[in-house]
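Worksheet for the structure shown next.
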Amino acid sequence: MATETATDAYGAAETTSVGMPQLDASTWGNQIFWLLLALVAIYLILSRVALPRIAAILAERQGTITNDIAAAEDLKAKAVEAEAAYDKALVDARAEAQRIIAEAKAEMQDDLDDAIAKADVQIGEKLAESEAEIAEIRAGALANVKAVAKDTTKEIVAAMGGKADAKTVTAAVTSRMKG
Amino acid sequence: METAEQSDGGGLVFKPMDQFLVKPLSGDGIVQWFTFTNAALWTSLAVLAVFLLLVTATSKRAIIPGRAQSIAEFAYGFIHKMVEDICGKEGLRYFPYIMTLFMFIVMANFLGLNPTAFTPTSHFAVTVPLALAVFLGVTILGFVKNGASFLGMFWVTSAPLALRPALALIELISYFVRPVSHSVRLAGSMMAGHAVIKVFAGFAALAAVSPFAVLGITAMYGLEVLVCFIQAYVFTILTCVYLKDALHPHH
């Protein structure tokens, strides 16, 4: 077989070389030839296809990552903005509510004051009216008392057998009532 | 495996180096420079693996990558960052070359871990041309970029004047030792690990020690997985360091 003959051929060479196939110069040309062929092939594969392609893939990925991070940052900024807007709206609403409450309170106070004033006026009016009425009644009562006193005096005087003229009776009653 | 044991004389015979033999896959056994050998096969498979990982796996161009695309992107990012960190922005012009080196070495290393596989990077005939290509490329680039001032790299101006000639000699020697250590490190690591696994496999033929042998193979294999990646990484990072010296020769 071919391999055996090769081994035999090598075996012969081995005796002359130091026992290392590496030092068998007869195969060096072969190895160097295939090595150069392989290196040229790998260089062409790498420089023409593989390296540009991998560089493009890595650049594309870097771009995608950068874009994604930028987008994420945008969204984050938007979220912060939205939160600020929300907080502001909350503060505004609270202030508005406070304002409305104060307004309502003031309005109610005004209404109350008005009503109290009105009521006071009415009470005053009623009071004056009543006082007038009382005074009238009192005046009426006085007049009646005078008349009754005159009549009574006349009757008493008559019953006692006297004769009283109206003028003296009236003067007497009036002076008595004053006293 | 036929390499581990031979029954001549009844004892164990280890042939841990047989796995590194370069053999034609067909024909009369003579290895011409164009012969399709096992070395050629596994070198080609490394190319195929690179294609599958970096082209086929990324063909969907998914924004959210799948597993294979993630590995491809990791490999790209790993080497890209390495070149940028060590050589700076202008070093990125040479990124495709460095990526070629890394992908070839790492794929050849890992494919070599398959049982009965041949590991191209365990051969000096592969690692020496790789290291020489880096050495010559970097040296020529250094002179093209910096002209004669590239030699300033060897003249350490921060040292006292009296010491500078001695330092220049040391720098010069270490500069020329670079391709040697660069290539021997890779081939040596790959060869040693594979050979040790083969030695353990040889012991597995003895029933008494075979459990330990299998355990040893397993442990070595785990270590080898690590070494395969680390050696590819080391080769690449050293290439970057040498390239940095060519681009910025003044310390």
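Protein sequences, first through last, are from chains A and B.
Those letters in the first sequence? Residues 11 to 189, per my numbering, in order.
Those letters in the second sequence? Residues 16 to 266, per my numbering, in order.
All C-beta atoms, glycine included, are put in the ideal place defined by N, C-alpha and C.
Residue span of the alpha helix (DSSP H) that contains residue i, given as start and end
i: aspartate 78 of chain A; result: 61–169
i: serine 59 of chain B; result: 53–66
i: alanine 183 of chain B; result: 179–218
i: aspartate 260 of chain B; result: 225–262
i: aspartate 100 of chain B; result: 82–102
i: leucine 47 of chain A; result: 38–54
i: isoleucine 78 of chain B; result: Premise fails: isoleucine 78 of chain B is in no alpha helix (DSSP H) and is neither H nor E.
i: phenylalanine 139 of chain B; result: 139–161
i: valine 179 of chain A; result: 176–188
i: tyrosine 109 of chain B; result: Segment: none, tyrosine 109 of chain B is in no alpha helix (DSSP H) and carries neither H nor E.
Assumed close pair residue i, residue j - CB separation to whole angstroms, cut-off 8 Å
i: glutamate 99 of chain B; j: glycine 92 of chain B; result: Not confirmed; about 10 Å, so no contact.
i: alanine 60 of chain A; j: valine 70 of chain B; result: 5 Å
i: serine 164 of chain B; j: proline 264 of chain B; result: 7 Å
i: alanine 142 of chain A; j: threonine 163 of chain A; result: That pair is no contact at about 31 Å.
i: leucine 116 of chain B; j: threonine 254 of chain B; result: 6 Å
Residue i CB to nearest heavy atom of the ligand MN below 8 Å
i: alanine 125 of chain A; result: Of the ligands one can find in the structure shown there are none, so the ligand MN has no counterpart to examine.
Does the contact criterion of 3 or more C-beta pairs under 8 Å hold for the stretch 195–207 of chain B versus the stretch 117–135 of chain B?
yes
The stretch 78–100 of chain B: positions lying closer than 9 Å to chain A by Cβ:
Ile78, Ile79, Pro80, Gln84, Ala87, Glu88, Ala90, Tyr91, Gly92, His95
Given a limit of 8 Å on CB to CB distance, which residues of the stretch 39–55 of chain A reach chain B?
Gly39, Asn40, Gln41, Ile42, Phe43, Trp44, Leu45, Leu46, Leu47, Ala48, Leu49, Ala51, Ile52, Tyr53, Ile55
Three or more C-beta pairs below 8 Å linking the stretch 79–89 of chain B and the stretch 73–83 of chain A
no
Contact residues within the stretch 60–84 of chain A, judged by C-beta distance below 8 Å to chain B:
For the stretch 60–84 of chain A, which is checked against every Cβ of chain B, the residues closer than 8 Å are Ala60, Leu61, Arg63, Ile64, Ala65, Ala66, Ile67, Leu68, Glu70, Arg71, Thr74.
Contact between the stretch 32–43 of chain A and the stretch 47–59 of chain B is defined here as three or more beta-carbon pairs at a separation below 8 Å; is this criterion met?
yes
Would you call the stretch 101–109 of chain A in contact with the stretch 127–146 of chain B, where contact means no fewer than 3 C-beta pairs closer than 8 Å?
no
Indicate whether the contact test is met: 3 or more Cβ pairs, each with one atom in the stretch 203–216 of chain B and one in the stretch 228–241 of chain B, closer than 8 Å.
yes
Would you check if the stretch 29–36 of chain A and the stretch 24–43 of chain B touch, i.e. whether three or more CB-CB distances between them fall below 8 Å?
yes
Along the stretch 161–191 of chain B, where does the CB come closer than 7 Å to a CB of chain A? Name the residues.
none
For the stretch 46–61 of chain B, enumerate the residues whose C-beta is nearer than 8 Å to any C-beta of chain A, in chain order.
Val46, Gln47, Trp48, Phe49, Thr50, Thr52, Ala54, Ala55, Thr58, Ser59, Ala61
If the cut-off is 8 Å on Cβ atoms, which residues from the stretch 122–147 of chain B count as contacting chain A, listed in chain order?
Pro135, Ser137, His138, Phe139, Ala140, Val141, Pro144, Leu145
Taking contact to mean at least 3 C-beta pairs separated by less than 8 Å, is the stretch 152–160 of chain B in contact with the stretch 248–262 of chain B?
yes
When you check each C-beta in the stretch 100–125 of chain A against every C-beta of chain B, which residues fall closer than 9 Å?
none
Scan the stretch 100–117 of chain B for residues whose Cβ lies nearer than 9 Å to a Cβ of chain A and list them as they occur along the chain.
Phe110, Pro111, Tyr112, Met114, Thr115, Leu116
Contact list for the stretch 200–218 of chain B against chain A, Cβ threshold 8 Å
So the close ones are Ala202, Met206.
Counting only Cβ-Cβ distances shorter than 9 Å, please list the residues of the stretch 226–256 of chain B near chain A, keeping chain order.
Hits within the stretch: zero.
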